[in-house]
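When we follow UniProt numbering, the leftmost residue of the sequence shown carries the number 1, and every step to the right adds one.
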Amino acid sequence: MSTVTRTKPYRPPAPLGGRRRELRVNDRRRLLTAMGFLGPALAIIVAFVFIPAGTALWTSFTDASGFGTAEWVGLDNYVRALTTPSVLRALLNTVLYAAMYAPAVVIVGLCAALLLNRTDIPFRSFFRTAIFLPFVISMAVASLAWSFLLDPNLGLVPYWLSSVGVNMKDVFSDPVTALPAVTAVAVWKSFGYFMVIFLAGLQGVPKHLYEAARLDGAGPWRTFRAVTLPGLSGTMTFVVIFALIGAFQAFDQIYIMTQGGPDHATETIVYRIYTDGFRDFKLGFASALSYLLLTITLILGLFQLRAGAKREKDFE
């Protein structure tokens, strides 16, 4: 029984012009397919990000109040923002808040990650979950809970301290302790999230570097400086930028716990944007403050990105 093999008839290659036309058709199809998938997301981003951002930029050059017709005032809002003492104090409070919050969440989160990354720690999954849990709840709930716990008359913390002879004052009514107290609550809520990021980063550090360090006789501190810390350079860059951005956006804990007081001691720049824009109806001035905050955040982010890229290059 013989088998008949059919071969495909020979087709000469398409002319160069036809080939180009076919490629253009394929490119057009791929572009239409991509636009079909990306179109809804792009429309949402344009509608809820670019258009409001452009509107806020235009508003920052006007005396808009939300009522009536806005008049063009040029750079007056920006000049007034940079020369008003109360705004400069809010900016200083924001910088102080960031200077306390960012290092604290990074250091505490890194220490917790290093400790809970050890395999000889019992119940480490439980501790990881317990530390991460405060990040799940909202800042509003955490702020209300700590306001109650630290209340000098009804709070559990002053009650426990009084049982051992320590009289705790109202930390939120003292201009010296109000901002650190609010910062401490934010650190308590957030450092578990940064711990999880550091734990993921630690899994990416090559194990053979630890073996080489051990063979060289390096101790724990030298191993941390020479292996762990450079290996976490990329993670560190992300964490620091994220912590700084979060610090410069501090609002809800300020609004709930102190309302910017006492004596404007906890008034941050975002809280000032809220009061100027939605309480005093100075939308143009509040928009100018928003763009000043955006500029500061971009400068800090670019500076940290450049420093992180240099650390990664040195590590490689």
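C-beta: ideal position from N, C-alpha, C; glycine also.
Exposure of residue i, with buried meaning 16 or more beta-carbon neighbours within 10 Å
i: residue 173; result: exposed
i: residue 26; result: exposed
i: residue 160; result: exposed
i: residue 190; result: buried
i: residue 47; result: exposed
i: residue 158; result: buried
i: residue 258; result: buried
i: residue 125; result: exposed
i: residue 130; result: exposed
i: residue 282; result: buried
i: residue 292; result: buried
i: residue 88; result: exposed
i: residue 146; result: buried
i: residue 164; result: exposed
i: residue 276; result: buried
i: residue 241; result: buried
i: residue 187; result: buried
i: residue 231; result: buried
i: residue 28; result: exposed
i: residue 43; result: exposed
Residues bridged to residue i [DSSP beta-bridge criterion]
i: residue 62; result: 72
Beta-carbon proximity list for residue i, same chain, < 8 Å, skipping 5 on both sides
i: residue 72; result: 61 and 62
i: residue 54; result: none
i: residue 132; result: 192, 193, 195 and 196
i: residue 2; result: In this prediction, residue 2 scores a pLDDT of 48, lower than 50, which makes its location untrustworthy; no coordinate-derived value is stated.
i: residue 59; result: 70, 283, 284 and 287
i: residue 223; result: 210, 213 and 214
Close Cβ partners of residue i (< 7 Å) along its chain, the five nearest in sequence each way excluded
i: residue 260; result: 254, 266, 267 and 271
i: residue 123; result: none
i: residue 156; result: 149
i: residue 135; result: 189, 190, 192 and 193
i: residue 100; result: 180 and 183
Nearest-angstrom Cα separation, counted from residue j out to residue i
i: residue 185; j: residue 248; result: 16 Å
i: residue 288; j: residue 279; result: 16 Å
i: residue 50; j: residue 34; result: 21 Å
i: residue 91; j: residue 107; result: 24 Å
i: residue 153; j: residue 167; result: 11 Å
i: residue 262; j: residue 38; result: 48 Å
i: residue 213; j: residue 290; result: 48 Å
i: residue 201; j: residue 235; result: 6 Å
i: residue 57; j: residue 70; result: 13 Å
i: residue 86; j: residue 225; result: 43 Å
i: residue 96; j: residue 219; result: 36 Å
i: residue 181; j: residue 305; result: 30 Å
i: residue 320; j: residue 52; result: Residue 320 lies beyond the residue range present for the chain, which begins at 1 and ends at 316; the question has no answer from this structure.
i: residue 228; j: residue 111; result: 12 Å
i: residue 269; j: residue 303; result: 21 Å
i: residue 320; j: residue 244; result: The question about residue 320 has no answer, for the chain in this structure spans 1 to 316.
i: residue 66; j: residue 273; result: 15 Å
i: residue 171; j: residue 296; result: 30 Å
i: residue 301; j: residue 21; result: 46 Å
i: residue 264; j: residue 76; result: 24 Å
i: residue 24; j: residue 116; result: 55 Å
i: residue 32; j: residue 41; result: 15 Å
i: residue 144; j: residue 81; result: 32 Å
i: residue 30; j: residue 121; result: 52 Å
i: residue 119; j: residue 113; result: 12 Å
i: residue 94; j: residue 74; result: 26 Å
i: residue 79; j: residue 36; result: 45 Å
i: residue 83; j: residue 169; result: 35 Å
i: residue 178; j: residue 294; result: 26 Å
i: residue 217; j: residue 207; result: 16 Å
i: residue 246; j: residue 98; result: 8 Å
Close beta carbons around residue i, own chain, < 6 Å, minus the five adjacent residues each side
i: residue 194; result: 105, 109 and 239
i: residue 252; result: 139 and 140
i: residue 128; result: 116
Interface flag, residue i vs chain D, CB-CB below 9 Å
i: residue 253; result: Although the question refers to chain D, the structure presented lacks it and comprises just one protein chain.
**Asked** Fully enclosed by the region 80 to 164, which alpha helix (DSSP H) runs are 4 residues long or longer?
**Response** 85 to 116, 124 to 136, 139 to 149 and 156 to 163
**alpha helix (DSSP H) runs wholly inside the region 16 to 55, at least 4 long, in chain order** = 16 to 45
**Request:** Could you pull out every unbroken alpha helix (DSSP H) segment of at least 4 residues lying fully inside the region 246 to 304, listed in chain order?
**Result:** 252 to 257 and 269 to 274
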